[in-house]
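Protein chains in written order, with this note's numbering: chain A, 67 to 240; chain E, 1032 to 1159.
Glycine included, every Cβ here is placed at the ideal spot set by N, Cα and C.
Nothing here was measured: the structure is a model prediction, and the numbers come from that model.
The structure under discussion appears below in the form of structure tokens.
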Amino acid sequence: MSRIFILTPLIVLLIICIFSLTYLLSGKDPNKPPSALLNKDVPIFESSSLYNLKDVIKTKDIKNKKTLINFFASWCSPCKIEHPLFFEIRKKHPELYLLGFNHKDPTADAKKYLENDGNPYHFVGVDSDGLIALEFGVFGLPETYLINEDGKIIFKFMGPITKDILKNEIEPLL
Amino acid sequence: MKSNHFFKILNIGILSFIFFAFTIFANENIDERVKNLTLELRCMTCQNQSIYDSDAEFSNDIKKIVKQKLQEGESERNIKKFLVERYGEYILFRPLMNYNNIFLWSFPFILLIIGLFFVLIKSKGNKV
Chain A
67 MSRIFILTPL IVLLIICIFS LTYLLSGKDP NKPPSALLNK DVPIFESSSL YNLKDVIKTK
127 DIKNKKTLIN FFASWCSPCK IEHPLFFEIR KKHPELYLLG FNHKDPTADA KKYLENDGNP
187 YHFVGVDSDG LIALEFGVFG LPETYLINED GKIIFKFMGP ITKDILKNEI EPLL
Chain E
1032 MKSNHFFKIL NIGILSFIFF AFTIFANENI DERVKNLTLE LRCMTCQNQS IYDSDAEFSN
1092 DIKKIVKQKL QEGESERNIK KFLVERYGEY ILFRPLMNYN NIFLWSFPFI LLIIGLFFVL
1152 IKSKGNKV
């Protein structure tokens, strides 16, 4: 009985060590904190189309459909790296709604960028003052969010998405 | 008649002076509050720099939103809550007083107390 009493603190310590080691070895980058909005409702937004200011998209417009939201800009070089992948996503998952938010970009530059590199998005919303990005907790471009049919953010990625991220993290959620 | 006119102008002058003095004071007060609040916020795109000290675009956006919200009369607590909801607790240099953090801070002491308890039981057992 007394042996159990002595061993208990050691067992507790061992469990703590295992938890700490698992976290350290999980490859999580402490400089990339998890999104505070993960598993929460998508923020309320309203944005005009880059091509027609009268064409507006609102939060309620993406309800009941899986949506991939991508914040990009013509001045953001990592955005160019991930850009071709969105064509691949659109081709492979036609049911997925691709919403691009053009962040703090002159309209002409944004249009030129999408003209040169192609436009993979179903809708390109303008976020000229960065307020939509602020609502989403964006702090660097590019950032990508996956929203489920219930309007909850189920995935967030900071930085350019890669084929591996698409295959291992995004596609299992689709 | 002339003196009446003079006093009217003097009164307008004094009121204008008070109005402008208040405006300047209010703006300085807001700037001071923006400074104090943004000194407590972490620039998420910098290396351990406060929002106030940083000139990064992210920091400038946050400074702007903090100033706007203070001007609208929002409390500092509400502004912090607004930012934590979007960027997480990581944006605060000083962590929040919530159950998770209280547990984290008190956990070493809980372990110590449990340890002392076991040592006490063991030493009593040895005496018997």
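Enclosing beta strand (DSSP E) for residue 136 of chain A [first to last residue]
133 to 138
With a CB to CB cut of under 6 Å and the five nearest residues on each side skipped, what residues in its chain are close to residue 1142 of chain E?
none
Is the stretch 153 to 165 of chain A touching the stretch 182 to 189 of chain A, taking contact as three or more C-beta pairs under 8 Å?
yes
I'd like to know whether the C-beta of residue 205 of chain A is nearer than 8 Å to at least one C-beta of chain E.
yes
So with Cβ pairs under 8 Å, would you call residue 1108 of chain E a contact of chain D?
No chain D appears in the structure shown, which is made up of the protein chains A and E.
Could you tell me the alpha carbon to alpha carbon distance between residue 1118 of chain E and residue 77 of chain A, rounded to whole angstroms?
36 Å
Measuring CA to CA, which of E:1115, E:1060, E:1131 is closest to residue 1073 of chain E?
E:1115
Can you tell me the Cα-Cα spacing of residue 144 of chain A and residue 222 of chain A, whole angstroms?
16 Å
Could you tell me whether the stretch 207 to 218 of chain A touches the stretch 128 to 142 of chain A, using the rule of 3 or more Cβ pairs below 8 Å?
yes
If we require 4 or more residues per run, which alpha helix (DSSP H) segments fall completely within the stretch 181 to 210 of chain A?
197 to 202
Does the CB of residue 102 of chain A have a neighbour CB from chain E at under 8 Å?
yes
How many angstroms separate the CA atom of residue 1146 of chain E from the CA atom of residue 1155 of chain E?
14 Å
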